[in-house]
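Data first, discussion second: the structure below is written as structure tokens.
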Amino acid sequence: MMIDYSPKVIQEENKRHLRFDFILFFAVMALSGFGLLIIYSATRFSLPGGVTDPAFFLKRQAYAFAGGIFLFVILLFVDYKKIKRWWILIFVSGAALAFSPLVFGYEVHYTRSWIDLGFTTVQPSEIAKIFMVVSVSAIFSKWKGEKENQVGFKKVALSLAVAVVFTGLVLLQSDFGTSLVFFITYLGLLFISGANLLYFLGILGASTGLVFLGIRTGIIMEYQLDRILVVLRPDMQTGDIGYNLNQSMLAIGSGGVWGQGLFLGRQTNLNYVPEHQTDFIFSVIGEELGFIGCFVVILVLGVVIWRCFSISYQATDHFGSLIAAGLAFIILTQMLINIGMTIGIMPIIGIPLPFLSYGGTSLLALLMGLALVENVYMRRELRPYRQIAYEEFE
Amino acid sequence: MDSRIKRRIKVAVYLLAAVVTVLVLRLYFLQVMSGDLFAERAQENIVRTKSIPAPRGNIYDRNGNLLVKSIPFLAVAVEPRAVLASEESLQFLSRNLDLNQDELQEKLRKANISYLERIVLQQDIDEKTMVVFKENMSNLAGVELIEIYLREYNYGFLAAHVLGYTGEIDEETLSSEQFRGIYEGGDQIGISGIEQSYEEILRGIKGRATYEVDPLGRPVATVEKIDYIPGNDLYLTLDIELQGRVEELLYQAILEVREMPVETGSQETFNVPGGAVVVLEAQTGEVMAMASYPTFNPEVFVGGVSSQDWQYLNDPANMWPLNNRAVMSYPPGSSFKLVPAYAGLQEEVIDVNSRIGCAGTWFGLGRDFPKHCWRAGGHGAQNVYGGLAQSCNVFFYEVGYRLFNKNQNEEELLQKYARMFGFGQKTDLDLPFEGPGLVGDRAWKLDYFKDQAELSLWYPGDSVNLAIGQGDLRTTPLQMAQAYMMVANRGSYTTPHLVREVRDFSGDLFLEVEGEQREMELIDKYHLEVIEQGLYQVVTSGTAAGRFLGFPLDRIPVAGKTGTAEFVGRQNFGWFASYAPVGDPQYVVVAMLEEAGGGSASAAPLVRKIYDYLYNLEAFDDD
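Those protein sequence lines, which keep their order, are chains B and L. Residues in the first sequence are numbered from 14 upward in steps of one, following the working numbering. Residues in the second sequence are numbered from 125 upward in steps of one, following the working numbering.
Structure representation (structure tokens):
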């Protein structure tokens, strides 16, 4: 049987096909919406000085959510393939974002990763994550003049330089957690890029060695080290960090199977758990909604990540595939570290839980990134698949 | 995508599956398998227990007059940990309690390090502050208003040294073995006087309220409530009216003596920085009055003493008003002479009729060591009656010397008799900080001068000095009163005490306090009667005779002894120790005035005025 490859036929074919990943979209909407609810539950009694509106945090997060949906929709209309050629500009502006708190920022909990815009505060490194994913994906995909995409030394070296710039700038903000997310995401992209595994293992080994060197030479601060050690050495759990962990585990554990009920978490609402609307939001979920609630949340997060990988798998070009995988790695890393720390299997590293932690910048950045992922899904070319299908059929 | 990349994406998906599995398994362990355990531990977080302070027992005098009572006050208490975490609470507290924020923070941090769950920031807040706190209470983390009990003194500064005062328990006491768990931050505790020695009886038992809190920390349901039990009431042996009069007379006497010239015609007058009076009920050992000058007002300690007041009370220029001079040790001078007199008679170095000649100087230790009598011209030949009546030093030098020579002072007889009269050891009065006094002997001297061997031997001169109440001898006015009580009762006596009864809050008798019945080691009623006779002559014809002119000695015979104690570098201390009536003793009265010259001129008139009051004779005196 002959297949008609004429452009007209392909266009027809593509139009008939479903062009939007609704599972991903609804999973993200559900998580973000649920995030609003949990943030409200966590914050209505612990408000900053001078604030009396119990929905203070809820409203601010809702504005960010609305803004995120707006950006999401706008980005769907931009062909992601067209931004590939602007990757240097994206890298430079991403690096500028990561650099900006060092100039305009202020310090919170030892880290200097925030900028005050007057009407709100933002964390530029959250957005820079997406920029890094896009620029590294561009480097790993087919260059002009290449017949086939070959990820060799040149591409790896260039991408590593880009990743080091991002990670280094965030590290300069003393934001150890976020810089870790940057680097792990880069390692994920390197893996997915198809580069020789020796590059992957070499960079992984070298960076681990550097961290140890940093500890030995004292460049890595003691408080950062403590947060890591607290998981390995329970006897350290008497200080402030240990206190956080203890109270968080107490909250989650006391949730039992079904939880105390939404809005009824005492541990968290009585401020026993610190930072419970941001880094420790999972404690609130654990206490109020129990094992069932936690299970569902992890499952839905898992669905989001799975969809990203799936889109990466189905993508018809390297650039799109890598963008989708990059987002998957960001969410996976943050989920593992964030939930892991609240239940005592990961070091206490302050990074947000995707879609659920209070923090407008994080939510906005994730929605932007996922718009790109949907974009990849929408603009994948179906012909090769059909072709393969027919060929296999024959 | 080429197949290599697809394989790698699959690996990534397996990684995702692994992460999800690990997280879910861990959550299963925490929430499903250990959920109950964590819930139990979390329960501790939502159940709050607060103690309810118990009012401290009241203090009454022997006639049921209320001296000290407890009244409730509102105080601001805070949980250090919670307040430190809340900038808002910190600011509110520093603004409304007028505290420096840095100092407040420092104080809380220290309390937090000591694991104090609650400290009282301010006792006794005014109504305006209370309203401000109540309005803002719901927004303030770790701040609460609690009811505490503070003291009120119905008689002002009267009997301040006996009653003592209370104050907020300090951190050191709080963390000490003895008090841990019983007290908490902000609690009141007796710091001196009866308040301290009867702390356990006065403090009561705290109540406890256990309740659940809502997510904001507001109580929603009471789990358990145990009422407090108020402290027990004390009924003292003091007679507050007598106490008042005694304090007044002591003060007047001090003012009068301060006007007196040191010698006739001298410009220098006596300093009289302080003095003390003890009045005992002779049969029961009950302390009916105990006065010490200078005194203080215990009210300054209510709600925390101000630094200004504390400075005043501890400034050496103010002669230590907090000291209870009635139980402090002083050289006794001649008021001690009943001891050598009794010892001499008992040990048969003299008998009732032995006469010792006094020509103003005694050469018993050799020509090179003349010892003088207070009367330069001498007293002539004296027996023991005259020796006591005239307070003849020569007589007692000789008695002391003979006692020393008996068996080469093997038994240290003088010291033995001094101890028999209760000197050199505490009377076990129910007050803290009682001095034991001092009865110097060989062992003491050897130890005291252990670095100077040539001074460490006990010489005959030491015993001779002891015999007139000088040298290595210190007694408290209370010990002196006890010794005279022994003579009055012919050797059997009851130890002095300040509390008669303890009653619980409903008024039921809880405990009846009696002194300990004791007997002197060697009682010879005849010899004690001889001493008494000598002491009686002191008042009728001896050194204090002038001071008791006009006193109805026929009806109320008084036995007493003057004392003038030398104190290196200071003016003489005046004593008068006495009891009355002879034969059927009712009262023992001892007065001591620091740097007031001879006891005859300073202390004796004061004691006479006290007897005037005790026997309702004051009206006749006021001329």
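Glycine included, C-beta positions come from ideal geometry on N, C-alpha and C.
| Item | Value |
| --- | --- |
| Would you say Pro385 (chain L) touches the ligand SAM, meaning its beta carbon is less than 8 Å from a heavy atom? | Summarising the ligand content, the structure contains no ligands, and the ligand SAM is consequently not present. |
| Count the CB pairs spanning the segment 507-521 of chain L and the segment 490-498 of chain L that are closer than 8 Å, and state whether there are at least three. | yes |
| What is the DSSP secondary structure of Thr357 (chain L), reduced to helix, strand or coil? | The displayed chain sequence assigns Asp, not Thr, to residue 357 (chain L). Three-state DSSP puts Asp357 (chain L) in a strand. |
| Does Tyr152 (chain L) come within less than 9 Å of chain B when only Cβ atoms are used? | yes |
| Helix, strand or coil, according to DSSP, for Val316 (chain B) in the structure here? | helix |
| Could you say if the segment 67-85 of chain B and the segment 309-322 of chain B meet the contact criterion of at least three C-beta pairs nearer than 8 Å? | no |
| Determine, for Gly46 (chain B), whether the minimum Cβ-Cβ distance to residues of chain L falls below 9 Å. | no |
| Going by the CB atoms, is the gap between Leu326 (chain L) and Ile176 (chain L) shorter than 9 Å? | no |
| Identify the continuous alpha helix (DSSP H) that holds Pro584 (chain L) and give its terminal residues. | 584-591 |
| Which residue or residues does DSSP assign as beta-bridge partners of Ala199 (chain L)? | L:Ile270 |
| To the nearest angstrom, report how far apart Tyr326 (chain B) and Met391 (chain B) are at their CA atoms. | 14 Å |
| Applying a beta-carbon distance threshold of less than 7 Å, which residues of chain L neighbour Leu345 (chain B)? | Leu140, Val143 |
| At 8 Å on the CB atoms, spell out the chain L contacts of Ile324 (chain B), in chain order. | Per Cβ cutoff of 8 Å: no residues; Ile324 (chain B) is ~10 Å from chain L at best. |
| Does Gly303 (chain B) come within less than 9 Å of chain L when only Cβ atoms are used? | yes |
| Would you mind telling me which residues of chain L sit closer than 9 Å to Met391 (chain B), beta carbon to beta carbon, in chain order? | The premise fails here: Met391 (chain B) is roughly 17 Å from chain L at the closest Cβ pair, so nothing lies under 9 Å. |
| To the nearest angstrom, how far is the alpha carbon of Glu372 (chain L) from that of Ile195 (chain L)? | 28 Å |
| Extract the residue ranges of the beta strand (DSSP E) inside the segment 93-165 of chain B, only unbroken runs of 3 or more that lie entirely within it. | 119-121, 124-129 |
| With a 10 Å radius around its C-beta and 16 neighbouring C-beta atoms as the bar for buried, classify Ile101 (chain B) as buried or exposed. | exposed |
| Leaving out five residues on either side along the sequence, give the residues of the same chain with a beta carbon under 8 Å from the beta carbon of Leu49 (chain B). | Leu71, Gln74, Ala75, Phe78 |
| Looking only at C-alpha atoms, which of L:Leu379, L:Pro584, L:Gly159 sits nearest to Gly268 (chain B)? | L:Gly159 |
| Helix, strand or coil for Ala704 (chain L) per DSSP? | strand |
| Within 8 Å, do at least three Cβ pairs link the segment 432-442 of chain L to the segment 624-642 of chain L? | no |
| Could you give the DSSP three-state label for Pro696 (chain L): helix, strand or coil? | Reading off the sequence shown, one finds Asn at residue 696 (chain L), where the question assumed Pro. It is a strand residue. |
| What does a CB cutoff of less than 7 Å around Ala228 (chain L) pick up in its chain, not counting 5 residues either side in sequence? | The displayed chain sequence assigns Leu, not Ala, to residue 228 (chain L). Leu214, Leu217, Ser218, listed in sequence order. |
| Could you check whether the Cβ of Ile133 (chain L) sits closer than 9 Å to any Cβ belonging to chain B? | yes |
| Cα separation between Tyr138 (chain L) and Arg132 (chain L)? | 10 Å |
| When burial is assigned at 16 or more other CB atoms within 10 Å of the CB, is Val91 (chain B) buried or exposed? | exposed |
| Less than 9 Å between CB atoms is the rule here; does Leu161 (chain L) satisfy it with respect to chain B? | yes |
| What in chain L is Cβ-close to Ala338 (chain B), meaning under 8 Å? | Ile133, Ala136 |
| So with Cβ pairs under 9 Å, would you call Met262 (chain B) a contact of chain L? | yes |
| Could you tell me whether the segment 581-598 of chain L touches the segment 390-408 of chain L, where touching means 3 or more Cβ pairs closer than 8 Å? | no |
| Look at the alpha carbon of Met14 (chain B) and the alpha carbon of Lys21 (chain B), and state the distance between them as a whole number of angstroms. | Confidence in Met14 (chain B) is poor, its pLDDT being 49 and thus under 50, which makes the residue's placement too unreliable to answer from. |
| Who does Met716 (chain L) pair with in a DSSP beta bridge? | L:Ala400, L:Trp699 |
| Candidates L:Gly722, L:Thr618, L:Val402, L:Phe573: which alpha carbon is nearest Arg369 (chain L)'s? | L:Val402 |
| According to the neighbour-count rule (16 or more other Cβ atoms, all chains shown, within 10 Å of its Cβ), is Gly501 (chain L) buried or exposed? | exposed |
| Is Met644 (chain L) helix, strand or coil when you go by DSSP? | coil |
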